[in-house]
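In what follows, a single structure is set out as structure tokens and then discussed.
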Amino acid sequence: MNKTGYLVWELVLALFIAWIVCFFTLFRGVKLSGKIVYFTALFPYLVLFILGIRGWMLDGADIGLYYYISPDISKLADSTVWRDAAVQVFFTLSLSYGGLIALSSYNQYHHNILRDTLILSLSNFLTCILAGLVVFAYMGSLSKTTGLEMDKVVQSGQGLVYVVYPFAVTTLAGAPIWAIMFFVMMLALGMGTMMASVETLTTSLEDFFPLLKKTSKIKALTLAIICLLYFLVGLILCSQAGTFWIELLDEYSANWAILLIALLECISVGWVYGAAYFQIDVSTMIPKESVFMHKLHGILFIWFKICWKFLTPVLLIGLTIFSWIGSGPIESEYYKFPYWSHVFGQILSASSLAGIVGWMIYAFIATNYYAKKPLKTLVQRDKAWRPAKDKNNEKVIEAYEKYRSDKTIPMLTKKHLILNIDTIYMIYILCRLNG
Numbered sequence: 001m002n003k004t005g006y007l008v009w010e011l012v013l014a015l016f017i018a019w020i021v022c023f024f025t026l027f028r029g030v031k032l033s034g035k036i037v038y039f040t041a042l043f044p045y046l047v048l049f050i051l052g053i054r055g056w057m058l059d060g061a062d063i064g065l066y067y068y069i070s071p072d073i074s075k076l077a078d079s080t081v082w083r084d085a086a087v088q089v090f091f092t093l094s095l096s097y098g099g100l101i102a103l104s105s106y107n108q109y110h111h112n113i114l115r116d117t118l119i120l121s122l123s124n125f126l127t128c129i130l131a132g133l134v135v136f137a138y139m140g141s142l143s144k145t146t147g148l149e150m151d152k153v154v155q156s157g158q159g160l161v162y163v164v165y166p167f168a169v170t171t172l173a174g175a176p177i178w179a180i181m182f183f184v185m186m187l188a189l190g191m192g193t194m195m196a197s198v199e200t201l202t203t204s205l206e207d208f209f210p211l212l213k214k215t216s217k218i219k220a221l222t223l224a225i226i227c228l229l230y231f232l233v234g235l236i237l238c239s240q241a242g243t244f245w246i247e248l249l250d251e252y253s254a255n256w257a258i259l260l261i262a263l264l265e266c267i268s269v270g271w272v273y274g275a276a277y278f279q280i281d282v283s284t285m286i287p288k289e290s291v292f293m294h295k296l297h298g299i300l301f302i303w304f305k306i307c308w309k310f311l312t313p314v315l316l317i318g319l320t321i322f323s324w325i326g327s328g329p330i331e332s333e334y335y336k337f338p339y340w341s342h343v344f345g346q347i348l349s350a351s352s353l354a355g356i357v358g359w360m361i362y363a364f365i366a367t368n369y370y371a372k373k374p375l376k377t378l379v380q381r382d383k384a385w386r387p388a389k390d391k392n393n394e395k396v397i398e399a400y401e402k403y404r405s406d407k408t409i410p411m412l413t414k415k416h417l418i419l420n421i422d423t424i425y426m427i428y429i430l431c432r433l434n435g
């Protein structure tokens with residue numbers, strides 16, 4: 001990493017084309033990008049099932065599958081395993097990244113948010129299990145073919161994409177065709193991630209600065225600048241040392257800072273804004289005809305109240321501490337990253353908190369020195385908050401009044417419903433040898 005080398009023009013060209021496609025897709029609006037997501041999200045399942053059917057019939061697949069479903073309990077003593085498992089759940093579901101909130105903001109007010117939450121959570125859980133069954137089947141076949149133990153064959157990250165999956169494709173009849181389909185799948189997954197990242201940023205900026213969405217030209221210019229910045233930042237990945245930078249970003253971009261952001265969100269919703277008031281907001285969004293969903297969120301009330309206020313914050317604090325324990329430069333079998341890369345990575349992780357810290361300083365100064373209000377107002381619910389449309393506003397006010405007279409209303413929150421359902425998968429993944 002000390003010598004970045006020159007840019008590989010083929011990679012630069014591919015990156016440029018990818019961002020051009022992303023720009024024109026999002027330029028047409030969320031309706032077009034939403035339709036494209038149907039392909040980018042569903043096509044990988046087709047390829048995964050095809051690879052799975054073939055992989056489960058390979059000689060040695062049973063070795064990999066047994067390794068996958070046989071947890072090593074001793075690994076629970078490794079703090080890195082806990083951190084990696086938590087980060088995996090956060091990354092796959094885009095928790096604390098803002099993607100869920102930004103994209104769901106395009107829904108109508110009366111949208112069955114509970115139904116979508118359950119579908120998203122369960123589909124993510126089942127997809128992770130399915131992907132594991134497919135990958136480890138091929139790893140078992142590789143283990144038997146090469147004569148290596150499973151712990152020597154197991155790979156993640158780039159090794160998984162460019163070693164295990166390509167090997168899987170070569171076992172199929174008409175390998176070149178399947179190879180094309182596999183890399184089209186990888187392209188679809190990458191484009192989906194790119195569009196979600198850009199949409200999250202543009203939505204946040206437009207909500208904060210309404211001027212940016214005043215005209216289509218201003219929106220297009222904003223989108224073009226964001227895509228250009230992403231392209232320029234990505235150039236370092238197109239250098240000869242790009243693979244090392246990918247490992248560095250993969251290690252530190254989703255790290256302890258994401259866990260802290262989730263912790264602050266839990267505290268804000270559960271203790272500052274008030275879990276009961278948040279539940280009222282969500283319950284008024286669920287359509288009245290969804291009787292079953294209204295009953296379901298009543299059943300889940302006690303469990304989620306405990307999670308938001310106590311269990312989840314405690315777990316996140318512990319996971320954050322675990323992520324700091326034994327933290328050091330990245331090491332692999334063939335290369336040890338320089339110490340400066342670890343320092344840079346920690347700064348990169350901390351930069352995720354810059355917006356929160358900056359806003360705290362601004363709010364403190366504005367409240368204490370300009371508005372001349374007590375500082376305790378910074379940790380109190382803003383009673384002036386209401387839905388944008390009057391008809392929805394009336395329903396929320398009515399629900400608030402009912403709550404004040406009868407404080408037995410159950411609570412539900414989309415983000416932490418996802419987090420706690422996927423805790424099942426997180427605990428399981430902790431017991432795997434590779435974490």
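Once you know that position 220 of the sequence shown is 220 in UniProt numbering, the rest is easy, because the numbers rise by one and skip nothing.
Every residue, glycine too, gets a C-beta built ideally from N, C-alpha and C.
Values in this document were obtained by computation on a predicted structure and should not be read as measured data.
Would you report the Cα separation of residue i and residue j, rounded to the nearest angstrom?
i: LYS373; j: GLY358; result: 19 angstroms
i: ALA350; j: MET181; result: 38 angstroms
i: GLU265; j: ILE177; result: 46 angstroms
i: GLY132; j: LEU375; result: 50 angstroms
i: GLY242; j: THR4; result: 8 angstroms
i: LEU65; j: PHE136; result: 6 angstroms
i: ILE267; j: SER96; result: 13 angstroms
i: GLU331; j: LEU353; result: 26 angstroms
i: ALA173; j: LEU300; result: 49 angstroms
i: ALA262; j: SER105; result: 19 angstroms
i: MET285; j: TRP385; result: 15 angstroms
i: PRO210; j: LEU223; result: 14 angstroms
i: PRO410; j: ALA399; result: Unreliable positioning characterises PRO410 in this predicted model, as indicated by a pLDDT of 44, which lies under 50. The coordinate reading is nonetheless provided below. Their backbone Cα atoms lie some 12 angstroms apart in a straight line.
i: ILE63; j: LEU187; result: 30 angstroms
i: LEU76; j: GLU251; result: 20 angstroms
i: GLU247; j: SER341; result: 11 angstroms
i: PRO287; j: ILE101; result: 19 angstroms
i: VAL47; j: MET194; result: 21 angstroms
Assign residue i to buried or exposed, taking buried as 16 or more other Cβ atoms, counted over all protein chains shown, within 10 Å of its Cβ.
i: SER94; result: buried
i: LYS415; result: Any reading at LYS415 must be qualified, since the residue scores a pLDDT of 44, below 50, and its modelled position is unreliable; no value is offered.
i: ARG54; result: buried
i: GLY345; result: buried
i: ASN368; result: exposed
i: TYR335; result: exposed
i: LEU126; result: exposed
i: LEU32; result: exposed
i: TYR370; result: exposed
i: TYR67; result: buried
i: VAL169; result: buried
i: TYR165; result: buried
i: VAL153; result: buried
Who are the near neighbours of residue i in its chain, counting only those whose CB is closer than 8 angstroms to its CB and skipping five residues on each side?
i: THR413; result: Here THR413 scores only 42 on pLDDT, less than 50, and its place in the model is too uncertain to base an answer on.
i: LEU378; result: ALA363, PHE364 and THR367
Taking DSSP as the reference, what is the three-state secondary structure of residue i?
i: LEU7; result: strand
i: LYS75; result: helix
i: LYS336; result: strand
i: GLU331; result: strand
i: SER204; result: helix
i: SER105; result: coil
i: SER283; result: helix
i: SER239; result: strand
i: GLU251; result: helix
i: TRP56; result: coil
i: THR170; result: helix
i: GLN380; result: coil
i: LEU95; result: coil
i: PHE136; result: helix
i: LEU114; result: helix
i: LEU348; result: helix
i: MET302; result: Note that residue 302 is Ile in the sequence shown, not Met. Helix, per DSSP.
Just to confirm my understanding: we take residue i, look at its own chain, exclude 5 residues before and 5 after, and list those with CB closer than 7 angstroms. What are they?
i: PRO387; result: TYR109, ASN393 and VAL396
i: GLU206; result: LEU212 and LYS213
i: ILE36; result: THR25
Less than 6 angstroms between C-beta atoms, sequence neighbours within five positions excluded: which residues of the same chain meet that for residue i?
i: GLN240; result: GLY5
i: THR92; result: ASN124
i: PHE231; result: TRP19
i: GLY52; result: VAL134
i: LEU259; result: LEU316, LEU319 and THR320
Tell me, please, whether the CB atom of residue i is closer than 7 angstroms to any CB atom in chain C?
i: ILE69; result: You won't find chain C in this structure, because it holds only one protein chain.
Practice task
Decide if the stretch 18-37 is in contact with the stretch 197-210; the criterion is three or more beta carbon pairs, one per stretch, under 8 angstroms apart.
Solution key: yes
Practice task
Flag this pair as touching only if the stretch 44-60 and the stretch 292-308 have three or more C-beta atom pairs under 8 angstroms; answer yes or no.
Solution key: no
Exercise for the section: Could you say if the stretch 307-321 and the stretch 135-151 meet the contact criterion of at least three C-beta pairs nearer than 8 angstroms? Expected result: no
Practice task
Report yes or no: do three or more beta-carbon pairs, one from the stretch 234-242 and one from the stretch 6-18, lie closer than 8 angstroms?
Solution key: yes
Problem - Given 8 angstroms, three or more beta-carbon pairs between the stretch 207-222 and the stretch 116-130 - result: no
Exercise for the section: Could you tell me whether the stretch 251-263 touches the stretch 83-91, using the rule of 3 or more Cβ pairs below 8 angstroms? Expected result: yes
Problem - Three CB pairs or more closer than 8 angstroms across the stretch 97-117 and the stretch 41-55 - result: no
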